[in-house]
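Here the sequence shown is numbered in our numbering, starting from 3 and rising by one per residue.
Yeah, the Cβ is synthetic: ideal placement off N, Cα and C, and Gly gets one too.
These numbers were taken from a predicted model, which means no experiment stands behind them.
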Amino acid sequence: MKLSLVNRLYLGFALVISLILVGGYLTWQTFNTQTEEAGWVQHTYRVLNNSERVQRLLFDMEASRRGFRSTFNKRFLEPYETALPKVAPAINDLRTMVSDNPVQFRNTDSLERAVNSLLSFWNELDHLTTQQRFDQNVAITEQETLLMDKVRARINTVNLTERHLLAKREELKNSSFTKAIKTLLLNNLFILLVGFILMRVTYAEFKRRLKVQKALNSKLHEVVELNKATNKQNWLLTGVNNMNDSLQGINNRDNLVATFLRTLTGFAGFPAGAMYRYEENRNKLVLAGTAGMPIDVQHEIALNEGLIGTTASQKALQVIRDIPPGYWQLSSASGKMTPGSLVFVPLWIGDELLGVIELACFQEVTQAQLELLEVLSKDITVAVNAANDRSKVMSLLQQVQEQREILIAQQEELRQSNEELSRQSEILQASEEELKVQEEELRQVNAEITEKNKALEAARSALALKANELQSSSQYKSEFLANMSHELRTPLNSVLILAKMLQENKEKNLHPKQIEYAGIIYKSGSDLLHLINDVLDLSKIEAGKVELNYETVPVAVMNNDVADLFDVLSQEKNIRFIRHITGDVPDAIETDKLRLGQVIRNLLSNAFKFTPSGGEISLSWYMAGDDVLGITVADTGPGIPTEQQTLIFSAFQQGDGSISRKYGGTGLGLSISKKLMELLKGELRLDSSTSAGSVFSILVPIGEIVDTTIPAISTPALHPIATTAIEQQTAVTVNDDRNNISYEDKLVLIIEDDTRFADILRDFAREKGFKTIVAHNGQDGLAYARRYLPAAIILDMDLPVIDGNSILKILKSNEELSKILVHVVTGAEQASIATNNIHGYTRKPLALDDLEQVFTSISRLLSGRYKKVLLLSAGPLGQDAALSSISNKRKLAMAYDITGLDKAEHFIREQSYDAVVLEVDTPIGDIINRLQKLRQLTDSSNTPLIVYLDQDITPQEEQQLKRYSSAIVRNSVHARDRLIDELELFLYKLEKKISTGTKEAEDGDSTLSGKTILLADDDMRNVFSISALMEEQGVHVLTAADGKEALEILDRYPKLDLVLMDIMMPEMDGYEAIGRIRSDARFQQLPVIALTAKAMAGDRQKCIEAGASDYIAKPIDNAKLLSLLSVWLS
3 MKLSLVNRLY LGFALVISLI LVGGYLTWQT FNTQTEEAGW VQHTYRVLNN
53 SERVQRLLFD MEASRRGFRS TFNKRFLEPY ETALPKVAPA INDLRTMVSD
103 NPVQFRNTDS LERAVNSLLS FWNELDHLTT QQRFDQNVAI TEQETLLMDK
153 VRARINTVNL TERHLLAKRE ELKNSSFTKA IKTLLLNNLF ILLVGFILMR
203 VTYAEFKRRL KVQKALNSKL HEVVELNKAT NKQNWLLTGV NNMNDSLQGI
253 NNRDNLVATF LRTLTGFAGF PAGAMYRYEE NRNKLVLAGT AGMPIDVQHE
303 IALNEGLIGT TASQKALQVI RDIPPGYWQL SSASGKMTPG SLVFVPLWIG
353 DELLGVIELA CFQEVTQAQL ELLEVLSKDI TVAVNAANDR SKVMSLLQQV
403 QEQREILIAQ QEELRQSNEE LSRQSEILQA SEEELKVQEE ELRQVNAEIT
453 EKNKALEAAR SALALKANEL QSSSQYKSEF LANMSHELRT PLNSVLILAK
503 MLQENKEKNL HPKQIEYAGI IYKSGSDLLH LINDVLDLSK IEAGKVELNY
553 ETVPVAVMNN DVADLFDVLS QEKNIRFIRH ITGDVPDAIE TDKLRLGQVI
603 RNLLSNAFKF TPSGGEISLS WYMAGDDVLG ITVADTGPGI PTEQQTLIFS
653 AFQQGDGSIS RKYGGTGLGL SISKKLMELL KGELRLDSST SAGSVFSILV
703 PIGEIVDTTI PAISTPALHP IATTAIEQQT AVTVNDDRNN ISYEDKLVLI
753 IEDDTRFADI LRDFAREKGF KTIVAHNGQD GLAYARRYLP AAIILDMDLP
803 VIDGNSILKI LKSNEELSKI LVHVVTGAEQ ASIATNNIHG YTRKPLALDD
853 LEQVFTSISR LLSGRYKKVL LLSAGPLGQD AALSSISNKR KLAMAYDITG
903 LDKAEHFIRE QSYDAVVLEV DTPIGDIINR LQKLRQLTDS SNTPLIVYLD
953 QDITPQEEQQ LKRYSSAIVR NSVHARDRLI DELELFLYKL EKKISTGTKE
1003 AEDGDSTLSG KTILLADDDM RNVFSISALM EEQGVHVLTA ADGKEALEIL
1053 DRYPKLDLVL MDIMMPEMDG YEAIGRIRSD ARFQQLPVIA LTAKAMAGDR
1103 QKCIEAGASD YIAKPIDNAK LLSLLSVWLS
């Protein structure tokens, strides 16, 4: 039986594996035998070594005994005594080793007996005396030699026996090793022989099968080619069938195009395609349909234009390969890709062009696809031609139908027109009869109307006369009130200043009663001034001359302003004052802050007036509806009877008008408040009853900007009062210093039409060391300015002949006069003054402190220590005098020029400024470029650029602003104070190097003098008081309103000596700020002292855990604070 290849291979591999197993077993057995024989050889060597060890011990003992017998010196016995204990264990070890060999075991016993005999002999010698040992020395030696020879004989017997065993074991080991080598060689030869046979058999079989495989592959290739041809033909037939099926039953041309494009692109593997229809009358190819094409595909193409137009005229299918990347792209939701090939198929039927098909493919177009297109193009051409014919037939049918309908409609209209003409003819005849009757009636009515018109014209003339008289009366009243208020305020100004000077009694020449009288005069004058202001406000409102200034007002700011104003009064009267803002109230509203604040202050003033001690007043902010803000002022006063609640809103009326009334007042506050609320398009409501208190509610719209003026009643032109007497009046004799002026004098020109107030200014100026020249009109003042060139001018605005604004413009336009310092002292509002031409502004009436500030400011400006600031603002920051007022109160000599951002470059190029303040009230993106240009203009002079923000910004926008600005101040309750802090920091503190031993610190603690600390506190009162205390000690103080700003300042000035950190602050509290300071490696050793009003147990430990160096509780003791600073700064 012939075995198959597989079985033969299996048999051969089984034989090889068996031989390998046998060889492995033999190898293992040989290794075991070798290992065992080697163990016995090793055992023999150990026995020999042990017997030699016993022999050496006995030789040492023998030599030791003989040395002792020769010298009787016991030192020779030490080797004997050392070896004696070792002999018995050595013999026992030897017995154990040979226990498997009976012969050797007996030899060992003989050896042990011989050794014991020798040891017993030596032991007996120890009992002999020295003399006996000496006398018997020869006998002892002979006996010892005899015993020793026996021992040597026994040891030699053991060694000879063991060496004989060793020779036999070596011979056995070598024999087994030779046998194992031969066996392994023979086994390997068998394995190689079987392997060679297997290789021959396998190679022969593989060679035979390879020939068979080549023959099969040749037959398979022929079959594959035949299948390809068959599949290709089937594919073409399938495509034709699909196209024919899809075109059947479609009459609409557009549907036909969409269908065959969808079928063609889907079956032929083209991702996109389009068909252009040829319009012979226009000689253009028009897009008829697309599939997968981009949206911006060209809709019309002229014949012979581009690839499509050229293909259409050539009548042959064209393939375009290697499409450039910028040609056009196919897109999907996952991306875009440029096609790799384009195919253009013209559609011709005879000599008539029907259109062109454009197809796009990502890969190369195959020959099968081209053949399919050749076949399908004929079917498509026939279908398109049939669709065109159907379309033309349908179009002709539609035209015929439309013309038929038009004809029918025209016939119907003609019939109706004939009927209407007949009817109108009848109506016309009837109308002629009615017109004759109505003509007679109309003639009678005209006569009556003529009589009534004459009467109406007479009444209208009388009414117009009365209206003119009323308007004139209103105009005269308004002018009278305005003039009277001015005439009253002017002398009252002098009264207040002189009364205050008398009350201070600097000359110490008034007795207490006279000082008390002066105080009464001052208070009465102040009350009279408030009354004049109320009357003037009422007259402005009634005359329609009040203008509103709408702006974005933070609700919290208004609430805090009111709190600051009435907190002291509530404490004095022992009245609980509660403020509350509900959560739905927006952060900021669009309204007139001044007028709304005036209404709230009037209501609160009334509430504090009528509420007794121990009572309660609340101010609540809430949303009363969509875009309607509600503000409620409630008190626990006596209340208002129902019958008087309407009366109290009338001018000069009170709830209790009797001469015995308990509460005083003019009754103007509520009247003004109600009219202001009407002006703000709001409402003022009252809810009150006797003995139950009163609740005044303000409802003000906040959703839209309303008209900002009250429409005033137009008045006829009034004839001007003759001014001849004024113009021709003789000059008043003035007692000034014009005849006593030297070159070294500091000369001040006072331009003031009120002679009494001018005299007060003159005397005060003299007290301050100035020489004065006084002018009572603008013309003289301008002449004196040109003639004397004073160092400073104190200017009133309401001047005869030439007003103050005109004088300012003239001074500004003159190069020589423009350098004169101008301080305006007037009753006009600052918004009506050309603020860029002045260095200071104070509004009348003035108190004595105001005069001090005026001349202190002038002195500093003239001493060259003033700083000039450019304020770029179109918002509220540039419309009030807050910055000048705060600067004056802090005795900082600063002059402000105010302009818009559009004129900033002109101002900076024309003049030199010490600082620039930019108010940002537009989107940050619009301001960054302008801010960058400002920084480029100011970089050369290293001018600080401070940004004042009135909006929230993102951290990214804040980083952009920080790149170009020196500091950022956000709008808040104390924003203007913070702005002045920054200006003071840059203009007065950082410009001079901090050094120890400065003049300011001569009287202070030498430890603190010249140090720089950062004070972070949101309460500006604490900031001012602590800053003043520090500056007395020669310490320079940088201030921050919250923890975030403190970190910014620390980043700008990392070499500060110490930080005073308040704990309770907005935006970022003290704990977080201290933690961030400590996380910065630069400030690990920087002393940080925590300030807090919560003096509770554990506060100190909490501050220390946050990273503070020390802790001090509010209210702060000055001595304790200075001592603490001295410790940490020493």
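**Report entry** Proximity test, Ile910 beta-carbon vs the ligand SAH heavy atom, cut-off 8 Å
**Finding:** The model on display carries no ligand, and the ligand SAH is accordingly not part of it.
Would Leu287 be called buried (16 or more neighbouring beta carbons within 10 Å of its own) or exposed?
Taking the sequence shown and counting its residues from 1, the one referred to as residue 287 is at position 285. Its Cβ being crowded by 16 or more others within 10 Å, Leu287 is buried.
Do Leu249 and Ile382 count as a contact pair if the criterion is CB distance below 9 Å?
Along the sequence shown, read from residue 1 onward, the residue named residue 382 stands at position 380. Along the sequence shown, read from residue 1 onward, the residue named residue 249 stands at position 247. Taking 9 Å as the Cβ cut-off, Ile382 and Leu249 qualify as a contacting pair.
- Would you report the Cα separation of Met150 and Lys170, rounded to the nearest angstrom? For this step, residue 150 is matched to residue 148 along the sequence shown. For this step, residue 170 is matched to residue 168 along the sequence shown. Approximately 31 Å between the Cα atoms of the pair.
Note to self: Quick check on DSSP: helix, strand or coil for Leu1016?
What the structure shows: Translated into the one-based positions of the sequence shown, residue 1016 becomes position 1014. Leu1016 falls in the strand class under three-state DSSP.
Among Pro296, Ala293, Pro614, which residue has its Cα nearest to the Cα of Glu574? Along the sequence shown, one-based indexing puts residue 574 at 572. Ranking Pro296, Ala293, Pro614 by Cα distance to Glu574 puts Pro614 first.
Practice item. Consult DSSP for Arg740 and reduce its assignment to one of helix, strand or coil. Key: For the purposes of this step, residue 740 is taken as the residue at position 738 of the sequence shown. It is coil, neither helix nor strand.
With distances taken between CB atoms, is the gap from Asp1019 to Met1067 smaller than 9 Å?
The residue given as residue 1019 occupies position 1017 in the sequence shown. The residue given as residue 1067 occupies position 1065 in the sequence shown. Yes, they are a contact pair.
Where the alpha helix (DSSP H) containing Lys88 begins and where it ends = Here the question's residue 88 lines up with position 86 in the sequence shown. It spans 80 to 99 - the alpha helix (DSSP H) in which Lys88 sits, taken as one unbroken run.
### Message
Taking the beta strand (DSSP E) that Leu951 belongs to, which residues open and close that run?
### Response
The residue given as residue 951 occupies position 949 in the sequence shown. Taken as a continuous stretch (DSSP letters only), the beta strand (DSSP E) holding Leu951 covers 947 to 951.
Check: Between Phe15 and Asn189, what straight-line distance do the alpha-carbon atoms span, to the nearest angstrom?
Finding: One-based indexing of the sequence shown puts residue 15 at position 13. One-based indexing of the sequence shown puts residue 189 at position 187. Whole-angstrom Cα-Cα distance: 15 Å.
- Query: Which class does Gly26 belong to by DSSP, given the choice of helix, strand or coil?
  - Reply: Taking the first residue of the sequence shown as position 1, residue 26 is located at position 24. The DSSP-derived three-state label of Gly26 is helix.
Assign Ala318 to one of three DSSP states: helix, strand, or coil.
-> Locating residue 318 in the sequence shown gives position 316, where the first residue counts as 1. Correct three-state label for Ala318: coil.
Over what stretch of residues does the alpha helix (DSSP H) that includes Asp954 continue unbroken? In the sequence shown, the residue the question calls residue 954 occupies position 952. If you look at Asp954, you'll find it isn't in any alpha helix (DSSP H); DSSP assigns it neither H nor E.
* Label Ser66 either buried or exposed according to how many other C-beta atoms from any shown protein chain fall within 10 Å of its C-beta, with 16 as the threshold for buried. => The residue you call residue 66 lines up with position 64 of the sequence shown. Counting the other Cβ atoms within 10 Å of the Cβ of Ser66 gives 16 or more, which makes it buried.
Quiz item: So who's on the other strand from Gly291, going by DSSP bridges?
Solution: Locating residue 291 in the sequence shown gives position 289, counting from the first residue. Under DSSP, Gly291 shares a beta bridge with Met277.
In this structure, what does DSSP give as the bridge partners for Ser622? Position 620 of the sequence shown holds residue 622. Looking at the DSSP output, Ser622 shares a beta bridge with His582, Thr634.
In whole angstroms, give me the CA-to-CA distance for Arg210 and Val203.
In the sequence shown, the residue the question calls residue 210 occupies position 208. In the sequence shown, the residue the question calls residue 203 occupies position 201. Going by the C-alpha atoms only, they are around 11 Å apart.
**Asked** When DSSP builds the beta bridges, which residues end up paired with Met1063?
**Response** Numbered from 1 along the sequence shown, position 1061 holds the residue referred to as residue 1063. Answer by DSSP bridge pairing, in chain order: Ala1018, Ala1092.
**Q.** Terminal residues of the beta strand (DSSP E) in which Lys773 lies
**A.** Start at 1 with the first residue of the sequence shown, and residue 773 comes out as number 771. Following the DSSP letters along the chain, one finds Lys773 inside the beta strand (DSSP E) bounded by residues 773 to 777.
Taking its Cβ as the centre, do 16 or more other Cβ atoms sit within 10 Å of His1038, making it buried, or is it exposed?
As a first step, residue 1038 is located in the sequence shown; it is residue number 1036 there, counting from the start. A residue is called buried when at least 16 other Cβ atoms come within 10 angstroms of its Cβ; His1038 meets this threshold and is buried.
Check each candidate in Ser528, Phe107, Lys502 and name the one with the smallest Cα separation from Glu518. In the sequence shown, the residue the question calls residue 518 occupies position 516. The shortest Cα separation from Glu518 among Ser528, Phe107, Lys502 belongs to Lys502.
Does the beta-carbon distance from Gly639 to Ala609 come in below 9 Å? Taking the first residue of the sequence shown as position 1, residue 639 is located at position 637. Taking the first residue of the sequence shown as position 1, residue 609 is located at position 607. Yes.
Next on the checklist: Quick check on Val1039 - is its C-beta less than 9 Å from some C-beta in chain B?
Outcome noted: The structure shown has no chain B; it contains just one protein chain.
*In chain order, which continuous runs of the alpha helix (DSSP H) of length 4 or greater are located wholly inside the segment 126 to 205?*
When DSSP assignments are scanned along the segment 126 to 205, the uninterrupted stretches of alpha helix (DSSP H) that are 4 or more residues long and fall wholly within it turn out to be 132 to 137.
field: Inter-residue spacing [alpha-carbon to alpha-carbon] between Ser607 and Asp594
entry: Your numbering for residue 607 matches position 605 in the sequence shown. Your numbering for residue 594 matches position 592 in the sequence shown. Approximately 20 Å, taken between the alpha carbons.
Per DSSP, what kind of secondary structure is Ser691 in: helix, strand or coil? The residue labelled residue 691 in the question sits at position 689 within the sequence shown. Note: Ser691 maps to coil in three-state DSSP.
Next item on the list: Use the C-beta contact count for Arg764: other C-beta atoms within 10 angstroms, 16 or more gives buried, fewer gives exposed.
Entry: Numbered from 1 along the sequence shown, position 762 holds the residue referred to as residue 764. It counts as buried.
For this session: Report, in whole angstroms, the separation of the C-beta atoms of Leu1060 and Lys1013, which I expect to be a contact under 8 Å.
Result: Stepping through the sequence shown from its first residue, residue 1060 is reached at position 1058. Stepping through the sequence shown from its first residue, residue 1013 is reached at position 1011. Taking C-beta atoms under 8 Å as the contact rule, Leu1060 and Lys1013 qualify, at a distance of about 7 Å.
Based on Cα-Cα distance, which residue from Glu441, Leu174, Thr554, Thr147 lies nearest to Asp923? Locating residue 923 in the sequence shown gives position 921, counting from the first residue. It is Thr554 whose Cα lies nearest to the Cα of Asp923.
| message | Since Gly1072 and Gly1045 should fall inside the 8 Å C-beta cutoff, what is the C-beta to C-beta distance between them, to a whole number of angstroms? | response | Translated into positions along the sequence shown, residue 1072 becomes position 1070. Translated into positions along the sequence shown, residue 1045 becomes position 1043. Under the criterion of beta carbons closer than 8 Å, Gly1072 and Gly1045 qualify as touching, at roughly 6 Å.
*Just the Cα atoms here: how many angstroms apart are Ser673 and Ile650?*
By one-based count along the sequence shown, residue 673 stands at place 671. By one-based count along the sequence shown, residue 650 stands at place 648. For Ser673 and Ile650, the distance between alpha carbons rounds to 7 Å.
Worksheet item: When you compare only the Cα positions, how much space is there between Gly666 and Pro643?
Response: Along the sequence shown, one-based indexing puts residue 666 at 664. Along the sequence shown, one-based indexing puts residue 643 at 641. Residue placement at Gly666 cannot be trusted, given a pLDDT of 40 that sits under 50; what the coordinates show is reported in the next sentence. Their Cα atoms are separated by approximately 18 Å.
**Asked** Straight-line CA distance for Leu222 to Ala231?
**Response** Taking the first residue of the sequence shown as position 1, residue 222 is located at position 220. Taking the first residue of the sequence shown as position 1, residue 231 is located at position 229. In this structure, the straight-line span from the alpha carbon of Leu222 to that of Ala231 is close to 14 Å.
Between the beta-carbon of Asp983 and the beta-carbon of Thr1041, is there less than 9 Å? One-based indexing of the sequence shown puts residue 983 at position 981. One-based indexing of the sequence shown puts residue 1041 at position 1039. Yes; because the gap between Cβ atoms is below 9 Å, this pair is in contact.
* To do: Enumerate in chain order the residues of its own chain whose CB-to-CB distance from Arg154 is below 8 Å, with the five nearest sequence positions on each side excluded.
  => The residue labelled residue 154 in the question sits at position 152 within the sequence shown. Exclusion of the five residues before and after Arg154 leaves Gln57 as the residues of its chain whose Cβ lies within less than 8 Å of its Cβ.
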